[in-house]
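Report on one structure; see the data block that follows.
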Amino acid sequence: MTISRTATSWWRNAAIYQVYPRSFQDSNGDGEGDLQGVISRLDYLKELGVDAIWLSPFYRSPNKDGGYDVSDPRDVDPRFGNMKDAEDLIEAAHSRGLRVIVDIVPNHFSTEHRWFKEALKSKPGSAERARFHFYDGRGEKGEIPPNNWNSIFGGSAWSRIIEENGNPGQWYLHLFDSTQADLNWNNDEVRDDFEKTLRFWLDKGVDGFRIDVAHGLAKEEILADHRNPEGLSRALRLDVRDMPQDERESLLADVPFFDREGVHEIYRAWRKIFDSYSGDRMSVAEAWVHPSSRATRYVRGDELHQIFNFDFLIAEWNAEFLKNAIDKTLGEVSEVSAPPTWVLCNHDSPRLVSRLGGGERGARKARAMALLTQALPGGIYIYQGEELGLEDADLPDEARQDPVFFRTHGADKGRDGARVPLPWQEGKSFGFSTGKPWLPMPEHWIGLDVASQEETSESSLNLYRTSLRIRTSHPALQMSHTDDVSQSIEWLDSPTGILVFRRNPNFVLISNTTDQSCTYDIEGELLLASSPEVTYLRGTFTIPAHTTCWINTIH
Ligand code: GLC
C-alpha cells in the first residue's frame, strides 16, 4: 500500500521524545541504561504526553562513540539487552499508543564491523576495501595522509592501517572517530546492505528512522586539501561555542564531504521503501546544512519526511533572533510540503538550561523558550531530561568518555555533560541504577528528580505535561497537510523584546524575553504560563521577565 502525506500523518505535528538508552533507565544494575529499562518507563512517557520516542542506537557496537559506531546494525548490543527486548519494547510502546523511531547510522561502520575486518585482510583495490574509502598516502613512503581533512572530533580524518605483511599500508577515511570508518556510497553493496537494514527494522514494526549524519553520505574531491581543516571541523561541532558566527558561516558555506548532490538519490530510493510499508512510516534527517535553506531539499515530496531544524539548538533567548528564525523556517518549509521541526537540545549539544546561562535564570528562560517552541506549527523533539529542566553536569576529566575529549587532548570537553543518566527519585543513583552509573550524577540534582517534580505543581515536569496536553487538544495548535505553514502564525505588534503571535482559532502567545515585566492588552483567559506570576486585570495581562504565556482569546 502506498502511503502519501495525508491529513492524518501522525508525525506532522508530533512531540517526539529522544531516549538516549544508555542514560535512561538501568534494569540490571550494570550502571548503564537498557531496553528493559526503557520498557519500565513507558508509562512515564505516556503520561508526559509525547506521541513517539526516538531511540538513539542500541545496536551491536564497541561503544567508542556512544553506540554511533555500529558493528552490526541488525543486532542488539548485549549491554542493552537482546532482540527479544527490542521487539518487546516496540510492542509495549505501540500498546500504549506511542510510536517508535530508531536511529540509522549510514555514514560509517565501526572498525569492528565484519566488513572492515575483511577489508584489513584484503589487498588494496579489492572489493572488500571498496566498501570504504581506502587510499594510498602521499609522500615517498605513503606516510602522509591522502589529504589534509580533519576529523570532526579533532585530529586527522585519516588513519593508516598495517597491511597483512606487517608494513604500514593504505589510509582509510573517518570523518568522526578513527573507529568509525566512512562507507563508500558509490558502492552498490553498501546501498543494498542499508536497504536490508531499513527493511529489517520496518518488518519489526518501527514507525520511522532518525538518519544520522544524513548529509554526509556522498563525498566529493576526496583527495583535495581544504584551506582550513582545523577550523572546518570545529565549525561543524554543536558543542563548540567560541567561534565567531561569520567565521563559522564562511567555513560552512562549502564542505566537500557534506550536502553533496549525491545524497538525494539515496533518499529517493529509501522513500520508496518507506512508502511500500503500511502504517505511515517516517524519516527525519540529521542534516546540518548551510545555508539552512538547502535543508528543504531533503524533504522534497519524494525524499524524507522531516529534517531537524537546528536554529533553536543554538538560539539565545532573544526576541529578534527567535522571530527571524521562526519566519525563516516557516518561509523555507512552505516551499516544499514538509512540516517544520523544532529542537531545543539533543545528546550532541549543551542542555537548554545551561545554554541559556544556567541557574534559576537559565531555567526560567528555558521554560519560557519551551512554551514558545511548543506553540509553533510542526514537529517538536524533546531530549530526555529537557522536561526536568536539567543542566549539563560538571564532570571530572577522568569520568569523560566522549571521543571528542580524547581526540582534542582535552581542549574540547565534549558532550558527556549532557548525557548524564536521568534522576528518577531521591536515593541511591537517583533510581537510575542499583549499580554505579556510567557517568557520575550530580548530588545537587536533589529535587530535580521525576518523583520530586511530580509532587511540585510548578515544576518543569508539570509544565511540560500541561503544555503537551494543551498542544494536542487546542484546535489552534493542530496542523493538517493542507495548511500553508507560512500563514500559520500571525505576528501582532509588540514592543522590542516581546513576541506576540496569534494562531487561529482563539490562541495568542506572548513571550517576554526582557528583564522587566511588560503589559499586553487583549481579551482572553490565561491557559498556561511558564512562570507563575502572570496576572490579568480588565483586559490587560502583566507578564514578568523571561516568561511565555498562552492565552485563549475571546475573538
Ligand atoms: C551524529 C550523532 C553523534 C555522533 C555522530 C557520529 O552527529 O548525533 O552523536 O557522534 O553522528 O556518528
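Heads up, the sequence shown is in my numbering, so the first residue is 814 and it goes up one at a time. Backbone N, C-alpha and C fix where the C-beta goes; we use that ideal spot for every residue, glycine too.
N-terminal and C-terminal residue of the beta strand (DSSP E) that residue i is part of
| i | result |
| --- | --- |
| MET1254 | That residue, MET1254, is in no beta strand (DSSP E); it is neither H nor E in DSSP. |
| TRP1363 | 1360–1366 |
| ALA1098 | 1095–1098 |
| ILE829 | 828–832 |
| HIS921 | 921–923 |
| GLU1338 | 1337–1342 |
| TRP867 | 865–868 |
| VAL1321 | 1320–1325 |
| LEU1155 | Note that residue 1155 is Trp in the sequence shown here, rather than Leu. Its beta strand (DSSP E) spans residues 1154–1156. |
| PHE1354 | 1353–1356 |
Host alpha helix (DSSP H) of residue i (start-end)
| i | result |
| --- | --- |
| SER1272 | Note, SER1272: premise wrong, no alpha helix (DSSP H); not H, not E. |
| VAL1217 | 1216–1220 |
| GLY1144 | 1132–1146 |
| THR1010 | 1001–1016 |
| GLY1044 | 1042–1048 |
| VAL1076 | 1076–1088 |
| TRP824 | Note, TRP824: premise wrong, no alpha helix (DSSP H); not H, not E. |
| ARG1316 | Unbroken run through ARG1316 is the beta strand (DSSP E), 1311–1316; no alpha helix (DSSP H). |
| ASP856 | 855–861 |
| VAL807 | Coverage of the chain is limited to positions 814 through 1368, which leaves residue 807 absent and any answer about it impossible. |
| LEU1350 | That residue, LEU1350, is in no alpha helix (DSSP H); its beta strand (DSSP E) goes 1348–1350. |
| ALA1181 | 1172–1187 |
| ARG1110 | Unbroken run through ARG1110: none, as it is neither H nor E. |
Option nearest residue i by Cα separation, candidates the options
| i | options | result |
| --- | --- | --- |
| PRO1255 | SER1246, GLN1266, VAL1233 | VAL1233 |
| ARG1084 | CYS1331, ARG825, TYR1111, VAL1102 | TYR1111 |
| ARG1073 | LEU1276, TRP962, TRP1101 | TRP1101 |
| TRP1130 | VAL1166, GLU1148, SER1106 | VAL1166 |
| PHE1314 | LEU1290, THR1295, SER1330 | LEU1290 |
| ASN841 | LEU1157, HIS1028, GLY1114, PRO891 | PRO891 |
| ALA1224 | PHE922, ARG1047, GLN1197, LEU1065 | ARG1047 |
| PHE1007 | ALA1027, SER1343, ALA1264 | ALA1027 |
| THR821 | SER1343, ILE1302, MET1292, ASP1306 | MET1292 |
| TRP867 | ARG912, GLY879, LEU1341 | ARG912 |
| THR1360 | MET1182, ASP839, PRO1190 | MET1182 |
| ASP856 | GLU1239, SER1344, VAL1263 | VAL1263 |
| VAL1019 | VAL915, SER1089, HIS926 | VAL915 |
| ARG973 | ARG951, GLU1043, LEU848 | ARG951 |
Cβ-Cβ distance between residue i and residue j below 8 Å
| i | j | result |
| --- | --- | --- |
| GLU1267 | LEU1261 | no |
| LYS1178 | GLY1172 | no |
| THR1186 | VAL1146 | no |
| ALA1231 | SER1162 | yes |
| ILE1311 | CYS1362 | no |
| LEU996 | PHE922 | yes |
| LEU1189 | ILE1139 | yes |
| TRP984 | HIS1039 | no |
| ASP1025 | ILE917 | yes |
| PHE837 | GLY850 | yes |
| TYR830 | SER869 | no |
| PHE1022 | LEU1011 | yes |
| PHE893 | LEU848 | yes |
| SER1280 | LEU1184 | yes |
| VAL1298 | PRO1104 | no |
| TRP1251 | GLU925 | no |
Exposure label - residue i; buried when at least 16 CB within 10 Å
| i | result |
| --- | --- |
| SER817 | Note on SER817: pLDDT 42, under 50, position unreliable in the model; no value is reported. |
| MET896 | exposed |
| THR1221 | buried |
| SER1091 | exposed |
| THR815 | In this prediction, THR815 has a pLDDT of 39, which is less than 50 and means its spatial position is unreliable; what the coordinates show is noted afterwards. Exposed: under 16 other Cβ atoms inside 10 Å. |
| THR819 | Because THR819 carries a pLDDT of 46, less than 50, the predicted location of this residue cannot be relied on, and the following value inherits that uncertainty. Exposed: under 16 other Cβ atoms inside 10 Å. |
| THR1269 | exposed |
| ILE1364 | buried |
| THR1348 | exposed |
| LYS877 | buried |
| LYS1249 | exposed |
| GLN1119 | buried |
| ALA827 | buried |
| THR1326 | buried |
| ILE1367 | exposed |
| PRO1357 | buried |
| PHE1123 | buried |
| THR1353 | exposed |
| GLY1198 | buried |
| SER1343 | buried |
| GLN993 | buried |
| PHE945 | buried |
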